[in-house]
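Working notes, beginning with the structure itself.
Numbering (the UniProt record's numbering), first residue to last: 1 to 279.
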C-alpha cells in the first residue's frame with residue numbers, strides 16, 4: 001500500500017538532514033531516502049569498507065589495515081568555527097546532545113621554509129617568529145582597531161570606511177608588511193586567494209571577528225571538530241527527525257520520480273511508492 005507524506009527528502013547530505021529535522025520538529029510527516037548505506041552524501045565520514053566500496057569498487061581492504069570501526073574518513077574534511085553559524089544552528093536545535101566535539105588545539109602556517117604556530121594568546125604573539133618586534137607593534141594597533149570598531153561610533157573608525165576602503169587600503173594605512181598581510185588574510189580570515197585585497201574591507205573584518213570570537217570561546221584555537229567526523233552532523237539531524245516521527249530509509253534506491261499531470265507527486269522504489277505534498 002502506498003504511504004503518503006507531507007515531505008519526501010532525497011539524499012542525506014547536511015542540508016537535506018537539517019531540512020528534514022526542522023520539518024519533523026514542525027510536525028510534518030517526513031520520509032527521507034538515501035541510496036547509500038550511510039548518512040552524509042558527499043560530506044559523509046566513511047569506515048574502511050565503505051571507503052573501498054566508493055573508490056575501489058570490487059576490492060576489499062587488506063586485513064593489515066585493521067578494523068572498520070577504527071576508521072572514519074571525511075570525504076570533505078573541514079574544521080568548524082566555534083562561534084560560526086553551523087554551531088549556532090546545532091545549539092539552537094539542540095542537536096549538540098547527539099554529538100561530541102573536540103577542540104583543535106592549535107593551527108599552524110608554513111612560511112619561509114618553516115612551520116609556525118598561529119598565536120593564540122598575547123604571550124604566544126610576543127614569542128612568535130612570524131613577525132619582527134616593530135611589525136608586532138604595528139599589528140597590535142591593527143587588531144586594536146578591528147576590535148574597537150563600532151559602526152555607530154565614528155570615533156572608532158580612524159577615518160576608514162570599511163564598506164568603501166579595500167582591504168589593501170586598510171593594510172597600507174597601518175603599514176603592515178606583506179607577510180603579515182598574508183597571515184591575517186589567510187590564517188585568520190581564511191581567504192583562499194588574494195582577491196580579497198581589492199574588495200571592500202568589511203568582508204575581511206567580519207571574518208577576523210568570527211575568528212576572534214571563536215578563539216574566545218575555548219582559548220587554544222577557533223576550531224572544533226566532531227569526534228567521529230563531519231558525517232556525524234547530518235546523522236545528528238537525522239536523529240532529531242526520527243524523534244519527531246521522521247522515517248529514514250538508507251540503502252534504498254529510488255527507481256523513479258512519479259509524475260501526475262507534469263507534477264512530481266512521489267517516488268517509487270521497487271514496488272513501493274511514497275507520495276508527498278512536497279518533494
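Positions of the beta carbon are idealized from the N, C-alpha and C atoms, including for glycine. For clarity, every value in this text was computed on a predicted model and none was experimentally measured.
- Going by C-alpha positions, residue 267 is about 10 Å away from residue 3.
- By the beta-carbon neighbour count (other beta carbons within 10 angstroms, threshold 16), residue 57 is exposed.
- By the criterion of a C-beta distance shorter than 7 Å, residue 66 is surrounded by no residue of its chain, once the five residues flanking it on both sides are discounted.
- Contact between residue 25 and residue 5 is ruled out by a C-beta separation of about 16 Å, above the 8 Å threshold.
- If you draw a straight line from the Cα of residue 46 to the Cα of residue 228, it comes to about 10 Å.
- In chain order, 160, 201 place their CB closer than 8 Å to the CB of residue 169, counting only its own chain and leaving out the 5 sequence neighbours on each side.
- In the structure shown, residue 46 falls within a strand segment according to DSSP collapsed to helix, strand and coil.
- Residue environment: residue 44 is assigned as buried (16 or more neighbouring CB atoms within 10 Å of its CB, all protein chains considered).
- Using a 10 angstroms sphere on the CB of residue 83, the tally of other CB atoms reaches 16 or more, which defines it as buried.
- In the structure shown, residue 264 falls within a strand segment according to DSSP collapsed to helix, strand and coil.
- DSSP places residue 56 in the coil class of the three-state scheme, outside both helix and strand.
- Straight across, the Cα-Cα distance linking residue 234 with residue 61 is about 26 Å.
- Around the C-beta of residue 42, fewer than 16 other C-beta atoms lie within 10 Å, and the residue is accordingly described as exposed.
- When beta bridges are read from the DSSP output, residue 10 appears opposite 33.
- In this structure the segment 76 to 90 lies against the segment 217 to 224, because at least three pairs of beta carbons, one per stretch, are closer than 8 Å.
- In the three-state DSSP reduction, residue 88 falls in the helix class (H, G or I).
- Under the Cβ criterion (8 Å, minimum of three pairs), the segment 10 to 19 does not count as touching the segment 191 to 205.
- When Cβ pairs closer than 8 Å are counted between the two stretches, the segment 173 to 190 is seen to touch the segment 123 to 141, the count reaching three or more.
- Counting every other CB atom within 10 Å of its CB across the protein chains shown gives residue 139 a total of 16 or more, marking it as buried.
- As computed with DSSP, residue 110 is found in a beta bridge with 115.
- The three-state reading of DSSP puts residue 98 in helix, counting H, G and I together.
- Rounded to whole angstroms, residue 216 and residue 273 show a C-alpha spacing of 51 Å.
- Distance between residue 248 and residue 38, taken at the CA atoms: about 11 Å.
- The Cβ atoms of residue 174 and residue 109 do not sit closer than 8 Å to each other.
- The beta-bridge partner set that DSSP reports for residue 226 consists of 101.
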